[in-house]
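**Student:** Each residue of the sequence shown is one higher than the last, beginning at 1 in UniProt numbering.
Just so it is clear, CB atoms sit at the ideal spot from N, CA and C, and this is done for glycine as well.
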Amino acid sequence: MNQPFELRPKADGRPTRGVLLVHGLGDSPWSFVDVGQALMEQGYLVRTVLLEGHGTRPGDMIGADYQHWRDVVAHHTQLLKQEVGKVYLGGFSTGANLAYLQANNDPEIAGLMLFSPAFISDEQFIGLSPLLAWFKPWLYEPSLEGSSNAARYRFVPTNGFAQYYYSSAAAQDAIDDKPFERPVFMALTAHDSVLEATEIRALFERRFTHPDSRLIWFDNRGEIGQDRVRVLDSRVPELKISNMSHMGMLFSPANPYYGIDGSQRICHNGQTEMDTAACLEGEPVWYGAWGTQVEGVAHARLTFNPYFDTMMAQLNRVFE
C-alpha cells in the first residue's frame with residue numbers, strides 16, 4: 001500500500017504523455033490511487049514516488065532532508081522524460097510544493113496538477129520548526145490510542161514539519177520571483193485546516209498566469225465562480241458533509257478505504273471529547289475538515305471528495 005507504483009494506459013503503442021505524482025507530508029504514494037487511475041484512463045503514463053522517511057514508521061522521518069526529497073523528484077522526472085514526450089508533475093500538499101519547485105526550474109515540464117498545495121501554512125510559528133527539531137523531536141508524542149491508518153502517519157516528528165517549512169519557503173520565494181506561465185490545475189478548500197487557503201488562492205490568481213489554468217475552490221458560503229476559478233459547494237447534506245477537508249480532495253467516493261462505504265473512519269478531528277467518543281463508538285456522524293464543530297453533531301474527517309469526477313473532468317480540460 002505504501003510503495004510507489006506505475007500505471008500504464010492500455011491503448012496500443014507507447015504513451016505520449018506522463019505524469020509524476022508526489023505525495024504529502026506523512027502520506028504515501030497510495031494517496032494517488034484514485035487520481036492516478038483517472039489519469040491513466042486519460043492516456044497518461046502515471047508514476048509515483050516515495051519520499052524519504054515515509055511509508056515505514058514515523059520515527060524514520062527524524063532524519064529526513066528536504067533537499068533529498070527534491071533530488072528524488074528531479075531524478076524521477078528525468079526518468080519519465082525518457083519514456084514520454086510530454087511530462088507533467090502533480091502533487092498533494094507538501095508534494096505540490098516539490099512538484100512546483102521542480103517545474104519552476106525545468107521549462108520542459110508541460111504543466112502542473114496541484115491538490116491542496118501547501119505554499120503557505122496557517123501555523124504562524126512554522127518557521128521555528130527547524131530550531132525546535134534540534135531539542136524537541138516530537139511536538140506531539142506518538143500514541144497507540146485511537147484509530148490506526150495504513151495509508152499515512154497519524155503523528156509526524158518535528159523534523160518533518162521543518163522540512164515542510166523549507167519546501168514552503170522555497171516555493172514562496174520562487175513564486176514571488178516570477179510568474180508561472182504554463183498551464184496549472186489547482187484544487188483548494190476554503191476550510192483547509194492546515195493552510196492559508198485564501199492567500200494561496202490569491203497566489204493562483206496573480207502568479208499562475210496561463211489563460212487555461214483553473215482553480216477548483218470548495219466553499220459553502222454561496223460564492224459564484226469567475227474567470228479561471230470554479231466554486232463547488234462543499235456542503236452536501238445528502239451525504240452528511242459539512243465542508244471539504246484538506247486530505248479528502250484526492251479520493252473517490254468509491255474508494256474502499258476512504259470512500260462513502262470505506263473501512264477507515266478518522267474520529268480524532270479537533271472536536272470535543274464527547275463527539276470523538278461518539279464517533280469512535282460508531283454512532284452516526286457528519287463529515288468535514290479537522291476542527292469542524294457543530295453543536296450536537298459529531299464529525300469524522302471527510303476522507304473523500306464528493307465531486308471527484310467533476311474535479312478530474314476540470315483537470316482534463318486544462319491539459320486537453
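Taking the continuous beta strand (DSSP E) assigned at residue 334, which residues delimit it?
**Tutor:** It is not possible to answer for residue 334, since the shown part of the chain is limited to 1 through 320.
**Student:** With Gly160 and Leu25 assumed to form a contact (beta carbons below 8 Å), what rounded beta-carbon distance in angstroms separates them?
**Tutor:** Position 160 of the sequence shown, counted from the first residue, corresponds to residue 160. Position 25 of the sequence shown, counted from the first residue, corresponds to residue 25. Confirmed, Cβ separation roughly 6 Å.
**Student:** Quick one: complete alpha helix (DSSP H) runs, 4+ long, within the region 135-201?
**Tutor:** Fully enclosed alpha helix (DSSP H) runs of 4 or longer: 158-177.
**Student:** What are the partner residues of Glu6, as DSSP defines its beta bridges?
**Tutor:** Locating residue 6 in the sequence shown gives position 6, counting from the first residue. Glu6 is bridged to Arg47.
**Student:** Determine the extent of the alpha helix (DSSP H) in which Asp309 is found, giving its start and end residues.
**Tutor:** For the purposes of this step, residue 309 is taken as the residue at position 309 of the sequence shown. Taken as a continuous stretch (DSSP letters only), the alpha helix (DSSP H) holding Asp309 covers 308-318.
**Student:** Counting Cβ pairs closer than 8 Å, one from the region 280-299 and one from the region 191-204, do we hit at least three?
**Tutor:** The region 280-299, when compared against the region 191-204, does touch it at the 8 Å Cβ threshold.
**Student:** Using a Cβ-Cβ cutoff of less than 6 Å, which residues in the same chain neighbour Phe308 once the five nearest sequence positions on both sides are dropped?
**Tutor:** In the sequence shown, counting from the first residue as 1, residue 308 sits at position 308. Closer than 6 Å at the Cβ level, and outside the excluded window around Phe308, lie Ser252.
**Student:** Roughly how far, in whole angstroms, is the beta-carbon of Ala298 from the beta-carbon of Cys279, given that I think they are within contact range, below 8 Å?
**Tutor:** Position 298 of the sequence shown, counted from the first residue, corresponds to residue 298. Position 279 of the sequence shown, counted from the first residue, corresponds to residue 279. Indeed, because the Cβ distance is near 5 Å, the residues count as touching under 8 Å.
**Student:** Given a cut-off of 9 Å, decide if Pro130 and Tyr165 are closer than it, judged by their beta-carbon atoms.
**Tutor:** Position 165 of the sequence shown, counting from 1, holds the residue named residue 165. Position 130 of the sequence shown, counting from 1, holds the residue named residue 130. Taking 9 Å as the Cβ cut-off, Tyr165 and Pro130 qualify as a contacting pair.
**Student:** So which of Ser263, Gln264, Ala300 has the shortest CA-CA distance to Asp275?
**Tutor:** To locate residue 275, count along the sequence shown from 1; it is residue 275. When only C-alpha atoms are compared, the closest one is Ala300.
**Student:** So if DSSP puts His299 in a beta bridge, which residue, or which two residues, is it bridged to?
**Tutor:** Working through the sequence shown from its first residue, we reach residue 299 at position 299. His299 pairs with Trp286.
**Student:** With 16 as the cutoff for other CB atoms within 10 Å, does Ser242 come out buried or exposed?
**Tutor:** Position 242 of the sequence shown, counted from the first residue, corresponds to residue 242. When all chains shown are included, Ser242 counts as buried.
**Student:** Buried or exposed for Pro157, going by 16 or more other Cβ atoms inside 10 Å?
**Tutor:** Residue 157 sits at position 157 when you count from the first residue of the sequence shown. Buried.
**Student:** Along the chain, where does the beta strand (DSSP E) that runs through Lys86 open and close?
**Tutor:** For the purposes of this step, residue 86 is taken as residue 86 along the sequence shown, with counting starting at 1. Run containing Lys86: 86-92, per the beta strand (DSSP E) assignment.
**Student:** Looking at the secondary structure, which residues open and close the beta strand (DSSP E) in which Gly248 lies?
**Tutor:** To locate residue 248, count along the sequence shown from 1; it is residue 248. Unbroken run through Gly248: none, as it is neither H nor E.
**Student:** For Gly18, which residues does DSSP report across the bridge?
**Tutor:** By 1-based counting over the sequence shown, the position of residue 18 is 18. BP columns for Gly18 point to Leu45, Val87.
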